[in-house]
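Visitor: The structure's right below; bear with me while I get my questions together.
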């Protein structure tokens, strides 16, 4: 790999990356400190890549020009599937698959799955002798809407974290935010609950604090954050038509914000951004 250039302007770098990819250049972008670095995967493309970069510097609007559309083919669905996979990592996919399998199992054996995966079979005793129960409630969803909503946000937020920081950091966040949300929900309302919502709010809080006032791949639009916070508040008003694990949402958000402060201070090395 060859480093072609570096810049602190994330918007400019992203546009340059998009332009080069449109032209078929095998490039990627990584972060080092406050610098974004553009890398070329194959040295044989170096001369062509440098020519395109100079063209882009002379006319940055090139990235906004539409790419010539090709006739629709069967490869379109393959390209879409590849794009979705590229937005995730192995842990993101594994948790999504397990969640889908558990949802299917609940439709067939609801009592068995609930008794096996809920945080405790008692209302007044945490499962210290069966520690897996502290996390397994995140896999349980009881309606299709609940499942789709949580998997969408898990894929979007979890995938971003895993691609940027790696498998280990996402696993740590899943366990920390999931267990915190589950325990708090249990203490307030008992053991009969489930879902990834607490983890989703944990990832939201993590990305929010980690990227606050600085450009990172985990930056979230303010509108998205406001929407999720409003949804959390509405859950406490009993205006929704479904039962909401409010304490899990709030505990997940707070634990995620705390994790964001800690990881921001630790400042782990970023992986490939795009």
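Residue numbers (UniProt numbering): 1 to 274.
By construction, the Cβ of each residue, glycine as well, lies at the ideal position given by its N, Cα and C atoms.
This structure is a prediction, so every number in the text was calculated from the model and none was measured.
Report the CB separation of residue 202 from residue 255 in whole angstroms; it is logged as a contact under 8 Å.
Guide: 5 Å between Cβ atoms; contact.
Visitor: Give the DSSP-derived three-state secondary structure of residue 255 in the structure shown.
Guide: If DSSP states are grouped into helix, strand and coil, residue 255 belongs with the helices.
Visitor: Please classify residue 158 as buried or exposed, where buried requires at least 16 neighbouring CB atoms within 10 angstroms.
Guide: Residue 158 is buried by the Cβ-count criterion.
Visitor: In the DSSP assignment, what residue or residues form a beta bridge with residue 7?
Guide: Bridge partners of residue 7: 36.
Visitor: Between 180, 169, 153, 265, which lies nearest to residue 227 when the distance is taken from Cα to Cα?
Guide: Nearest of 180, 169, 153, 265 to residue 227, Cα basis: 153.
Visitor: Taking the alpha carbon of residue 46 as the point to measure from, which residue in 143, 2, 142, 250 has its own alpha carbon closest?
Guide: For residue 46, the nearest C-alpha among the options comes from 2.
Visitor: Just verifying my parser: in three-state terms, what is the DSSP assignment at residue 2?
Guide: Correct three-state label for residue 2: strand.
Visitor: Roughly how many angstroms separate the alpha carbons of residue 5 and residue 39, rounded to a whole number?
Guide: Cα-Cα distance, rounded: 8 Å.
Visitor: Would you say residue 209 and residue 257 are within 8 Å of each other, going by their C-beta atoms?
Guide: It is a contact, given that the beta carbons lie within the stated cut-off.
Visitor: Just curious, the alpha helix (DSSP H) that residue 188 is in, first and last residue?
Guide: It spans 167-189 - the alpha helix (DSSP H) in which residue 188 sits, taken as one unbroken run.
Visitor: Residues in its own chain within less than 6 Å of residue 138 by CB, not counting five upstream and five downstream?
Guide: If we look at residue 138 and ignore the five residues flanking it on each side, its Cβ neighbours are 178, 196, 199.
Visitor: In angstroms, rounded to a whole number, what distance separates the CA positions of residue 180 and residue 252?
Guide: In a straight line, the C-alpha of residue 180 is about 7 Å away from that of residue 252.
Visitor: Given this structure, state the Cα-to-Cα distance separating residue 167 from residue 93, to the nearest angstrom.
Guide: Between residue 167 and residue 93, the C-alpha separation is close to 11 Å.
Visitor: May I ask you to report which of helix, strand or coil DSSP gives residue 102?
Guide: If DSSP states are grouped into helix, strand and coil, residue 102 belongs with the helices.
Visitor: Which residues in the same chain have their Cβ closer than 7 Å to the Cβ of residue 190, if we skip the five residues on either side of it in sequence?
Guide: If we look at residue 190 and ignore the five residues flanking it on each side, its Cβ neighbours are 123.
Visitor: Under DSSP, the alpha helix (DSSP H) around residue 197 begins and ends at which residues?
Guide: First-last of the alpha helix (DSSP H) with residue 197: 197-210.
Visitor: Within 10 angstroms of its Cβ, does residue 212 collect 16 or more other Cβ (buried), or is it exposed?
Guide: Exposed, by the Cβ-count rule.
Visitor: Could you check the C-alpha separation between residue 97 and residue 26 for me, to the nearest Å?
Guide: Spanning the two alpha carbons is a distance of roughly 31 Å.
Visitor: Using 8 Å as the threshold, is the C-beta distance between residue 52 and residue 18 below it?
Guide: Not a contact, by the Cβ cut-off of 8 Å.
Visitor: Using a Cβ-Cβ cut-off of 7 Å (strictly less than) and excluding sequence neighbours within five positions of residue 219, which residues of its own chain qualify?
Guide: Here the set comprises 211.
Visitor: Output the residue ranges of the alpha helix (DSSP H) runs that lie fully inside the stretch 103-163 and measure 4 residues or longer, sorted by chain position.
Guide: Here the runs fully enclosed are 110-117, 144-153.
Visitor: Can you look up residue 244 in the DSSP assignment and give me helix, strand or coil?
Guide: Coil.
Visitor: Could you pull the start and end residues of the alpha helix (DSSP H) that residue 58 belongs to?
Guide: Residues 46-58.
Visitor: Whose CA, out of 12, 59, 206, lies closest to the CA of residue 37?
Guide: Among 12, 59, 206, the Cα nearest to that of residue 37 is on 12.
Visitor: Assuming residue 230 is part of the alpha helix (DSSP H), what are its boundary residues?
Guide: Here the alpha helix (DSSP H) through residue 230 covers 222-235.
Visitor: Whose CA, out of 14, 269, 54, 126, lies closest to the CA of residue 188?
Guide: Among 14, 269, 54, 126, the Cα nearest to that of residue 188 is on 126.
Visitor: Taking its Cβ as the centre, do 16 or more other Cβ atoms sit within 10 Å of residue 169, making it buried, or is it exposed?
Guide: Burial call: buried.
Visitor: Which residues does DSSP list as the beta-bridge partners of residue 262?
Guide: For residue 262, which the question treats as bridged, DSSP gives no partner whatsoever.
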